[in-house]
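**Q**
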Amino acid sequence: MSDYLFSYGTLRMEQSHPMAGYLAKNSVLVGLGELKNAELFKIDWYPALIKTNNSEDIVYGDVFNVNSDDVLLKIDEYEGIGIGNPPYEYRREKVKIRTELNEIEAWVYFYNFDLPNGAEKVLSGDFLNP
């Protein structure tokens with residue numbers, strides 16, 4: 354299996370969360386990527402990714418080559434997918450990501466609810482450098 358994952362928040366390389374460490378140990382960092390037609394919001398200590406219809410809306414993140422389905426299932430669990438009753442807070446979808454070298458298809462986690470009151474838009478599109 355060779356799946357790509359686009360990480361835009363707590364799972365990025367510079368994050369200290371234990372799941373970021375798990376992802377780093379169980380995948381290969383491909384590099385930085387861009388997701389068009391998307392906006393990022395801070396809804397607490399973590400971000401929410403929302404689709405838009407504007408190609409000028411860009412979110413930046415890390416692209417990983419994940420080495421097994423088990424890694425994606427573990428991250429699904431971290432994102433709350435499959436825990437409790439649907440709908441879940443996030444949903445995993447394949448999207449086109451632009452990297453420094455080419456365009457690839459990668460999994461990404463979109464926020465699956467309406468944004469809560471007080472959600473702050475990350476104007477830069479980069480959770481690590483708002």
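Note that the numbering used here has the sequence shown beginning at 354, numbered continuously upward. Heads up, the beta-carbon is just placed ideally off N, CA and C, and yes, glycines get one too.
In whole angstroms, what separates the C-alpha of E387 from that of P439?
**A** Start at 1 with the first residue of the sequence shown, and residue 387 comes out as number 34. Start at 1 with the first residue of the sequence shown, and residue 439 comes out as number 86. Distance between the alpha carbons of E387 and P439 is about 29 Å.
**Q** So, Y431 versus M366, is the Cβ gap smaller than 8 Å?
**A** Along the sequence shown, read from residue 1 onward, the residue named residue 431 stands at position 78. Along the sequence shown, read from residue 1 onward, the residue named residue 366 stands at position 13. No, the pair does not count as a contact, with Cβ atoms beyond the cut-off.
**Q** Based on the DSSP secondary-structure assignment, which residues constitute the bridge partners of V416?
**A** On the sequence shown, residue 416 is found 63 positions in, with the first residue counted as 1. Answer by DSSP bridge pairing, in chain order: F359, G384.
**Q** To the nearest angstrom, report how far apart L426 and Y361 are at their CA atoms.
**A** Indexing the sequence shown from 1 puts residue 426 at position 73. Indexing the sequence shown from 1 puts residue 361 at position 8. When rounded, the distance between both Cα atoms is 18 Å.
**Q** Among N379, I434, E442, whose alpha-carbon lies nearest the alpha-carbon of F466?
**A** In the sequence shown, residue 466 corresponds to position 113, counting from 1. The shortest C-alpha separation from F466 is found at E442.
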